[in-house]
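K.L.:
Here's a structure for you.
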Amino acid sequence: MAQQYPDWIWQNGVIKPWAEATTHVMAHALHYGSSVFEGIRSYATPDGAAIFRLTDHLKRLYQSAKIYDMQLPYNQDELAAACRDVVKKNGLTAAYLRPVAYRGLGGFGLSAETPIDVAVAAWPMGPYLGPEALEHGITACVSSWQRFAPNTIPAGAKAGGNYLSGQLIAREARRLGFGEGIALASTGLLSEGAGENLFLVFDGVLHTTPASASILTGITRHSLITLARENGIEVIERDLPREYLYLADEVLMCGTAAEITPIREIDGKQIGNGSAGRVTRRLQELFFGLFNGKTNDQWGWLESV
18 MAQQYPDWIW
28 QNGVIKPWAE
38 ATTHVMAHAL
48 HYGSSVFEGI
58 RSYATPDGAA
68 IFRLTDHLKR
78 LYQSAKIYDM
88 QLPYNQDELA
98 AACRDVVKKN
108 GLTAAYLRPV
118 AYRGLGGFGL
128 SAETPIDVAV
138 AAWPMGPYLG
148 PEALEHGITA
158 CVSSWQRFAP
168 NTIPAGAKAG
178 GNYLSGQLIA
188 REARRLGFGE
198 GIALASTGLL
208 SEGAGENLFL
218 VFDGVLHTTP
228 ASASILTGIT
238 RHSLITLARE
248 NGIEVIERDL
258 PREYLYLADE
268 VLMCGTAAEI
278 TPIREIDGKQ
288 IGNGSAGRVT
298 RRLQELFFGL
308 FNGKTNDQWG
318 WLESV
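Following the numbering used here, the numbering of the sequence shown begins with 18 at its first residue and continues without gaps.
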């Protein structure tokens, strides 16, 4: 099925028709991966459309830009307004938002000075890993591609160039017939998925890989840790060897796009009973309860459109 694009997009301070949001083929970002971005979801709630942790996502966007010495020409409040405006202009409630800032057309060369262009898109998106993924889980494999080592590329920045690694991991997994790939860090220990953070469950306790494992410390990951601890589920951030994947009672991935997706099989080995486990189900209830009103949003994570 052909991709259905929205009618409107925000680019460099103006909402314009989608087809008019263009950039030059010699833009710096196209050649060198010099972009930073965010993935954000809005949800239909009993109180209307709300964007999940908009402020936190945009804060991370500016942090990523700082790492790469990119001075954004709009402040955070202006970009928050742009996110709300593009959702409303396209008549959306449940949607995926993509703010992106990138080095545009200017000088040539790695350290060239260029303008910083900024855009915000929004479009409808269902479960990232497929309509059955949230309910029945996915299969996964440990990728032959490792994450980059510390002090090479900053994993803590959500930069476009970082996702070349994720593309290799995801495309290898699809080629081999799996739903998603899992990467090891340069240490040989577990890192994360192609574009998702990873949790393992042992005896009712959540275990997740630390920032030092070359992960992007995701906002959904932080949300799950917070929800779990608030509801009596212990969470441990620790180094995890590969074989723990096969021994865990439950394994799940999380991220803005993937939300909370259970993994039922890894490298052909069944995980637990081969379906979403008790802790995974509880986390799904708590997380999606934020959007249907069953979980109290005591942190102010829902920001009205």
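C-beta: ideal position from N, C-alpha, C; glycine also.
Using the three-state DSSP reduction, which class does Gly183 fall into: helix, strand or coil?
P.N.:
Helix.
K.L.:
Which of helix, strand or coil does DSSP assign to Phe195?
P.N.:
Reduced to three states, the DSSP call for Phe195 is coil.
K.L.:
Would you mind sorting Asp134 into buried or exposed? The rule is 16 or more other CB atoms within 10 Å of its CB.
P.N.:
Its Cβ being crowded by 16 or more others within 10 Å, Asp134 is buried.
K.L.:
Please identify the residue among Met87, Glu152 and Phe308 whose C-alpha is closest to the C-alpha of Gly291.
P.N.:
It is Glu152.
K.L.:
Quick test of your reading: Leu114 and Ala139, contact by CB under 8 Å. State the CB separation rounded to the nearest angstrom.
P.N.:
Contact holds; Cβ gap of about 5 Å.
K.L.:
Check each candidate in Ser231, Thr273, Leu244 and Leu217 and name the one with the smallest Cα separation from Gly294.
P.N.:
Of Ser231, Thr273, Leu244 and Leu217, the residue nearest in Cα terms is Leu217.
K.L.:
Give the DSSP-derived three-state secondary structure of Gly65 in the structure shown.
P.N.:
Gly65 falls in the strand class under three-state DSSP.
K.L.:
If distances are taken between C-alpha atoms only, which option among Gly194, Arg192, Phe165 and Lys311 comes closest to Tyr180?
P.N.:
For Tyr180, the nearest C-alpha among the options comes from Phe165.
K.L.:
What are the start and end residues of each continuous alpha helix (DSSP H) run of 4 or more residues lying completely inside the region 83-165, in chain order?
P.N.:
List check, alpha helix (DSSP H) in window: 93-106 and 150-153.
K.L.:
Mind checking whether Pro141 and Ala112 have CB atoms under 8 Å apart?
P.N.:
Cβ distance < 8 Å, so Pro141 and Ala112 count as in contact.
K.L.:
Just the Cα atoms here: how many angstroms apart are Trp202 and Arg259?
P.N.:
A quick correction: the sequence has Ala, not Trp, at residue 202. Rounded to the nearest angstrom, the two C-alpha atoms are 10 Å apart.
K.L.:
Rounded to the nearest angstrom, what separates Ser161 and Ile253 at their Cα positions?
P.N.:
Using only the alpha carbons, I get a separation of about 27 Å.
K.L.:
Check Ile26 in the structure and name its three-state DSSP category.
P.N.:
Strand at Ile26.
K.L.:
Measure the alpha-carbon distance for Ser52 versus Glu149 and round it to whole angstroms.
P.N.:
Distance between the alpha carbons of Ser52 and Glu149: 32 Å.
K.L.:
Give every residue of the same chain whose Cβ lies closer than 7 Å to the Cβ of Met43, excluding the five residues on either side of it in the sequence, and list them in chain order.
P.N.:
Leu122.
K.L.:
If you follow the beta strand (DSSP E) that His224 is in, where does it begin and where does it stop?
P.N.:
That run of the beta strand (DSSP E) goes Val222 to Thr225.
K.L.:
Using only the alpha-carbon positions, how far apart do Ile57 and Ala118 sit?
P.N.:
Straight-line Cα distance between these residues: approximately 15 Å.
K.L.:
Once the 5 residues before and after Asp73 are set aside, which same chain residues still bring their CB inside 7 Å of it?
P.N.:
Counting only Cβ-Cβ distances below 7 Å, and skipping sequence neighbours, we find Ile236.
K.L.:
Give me the Cβ distance between Gln28 and Ala136, rounded to the nearest whole Å; I'm assuming they're in contact under 8 Å.
P.N.:
Yes, Gln28 and Ala136 are in contact; Cβ-Cβ is about 4 Å, under 8 Å.
K.L.:
Please state the DSSP three-state secondary structure of Gln287.
P.N.:
Correct three-state label for Gln287: strand.
K.L.:
With distances taken Cα to Cα, identify the nearest neighbour of Glu251 among Leu264, Thr225 and Glu276.
P.N.:
With distances taken between Cα atoms, Glu251 lies closest to Thr225.
K.L.:
With DSSP as the reference, identify every bridge partner of Gly272, one or two as the case may be.
P.N.:
Paired residues: Glu276.
K.L.:
Starting from Ser321, follow its DSSP beta bridges and name the residues at the other end.
P.N.:
According to DSSP, Ser321 bridges with Ala67.
K.L.:
From the DSSP output, which residues share a beta bridge with Pro34?
P.N.:
Its beta-bridge partners are Trp25.
K.L.:
On the CB-based measure, 16 or more other CB atoms within 10 Å of its CB, does Gln301 come out buried or exposed?
P.N.:
By the neighbour-count rule (16 or more Cβ atoms within 10 Å), Gln301 is buried.
K.L.:
Distance, Cα to Cα, Leu233 vs Gly289?
P.N.:
Near 27 Å, if we compare the C-alpha coordinates of Gly289 and Leu233.
K.L.:
Comparing C-alpha positions only, which one of Trp318, Tyr85, Asn214 and Glu247 sits nearest to Leu307?
P.N.:
Nearest C-alpha to Leu307: Trp318.
K.L.:
Would the beta-carbon of Trp61 fall within 8 Å of that of Val322?
P.N.:
In the sequence as displayed, the identity of residue 61 is Ala instead of Trp. No, the Cβ-Cβ distance between Ala61 and Val322 is not below 8 Å.
K.L.:
Use the C-beta contact count for Tyr22: other C-beta atoms within 10 angstroms, 16 or more gives buried, fewer gives exposed.
P.N.:
The residue in question, Tyr22, is exposed, as its Cβ has fewer than 16 Cβ neighbours within 10 Å.
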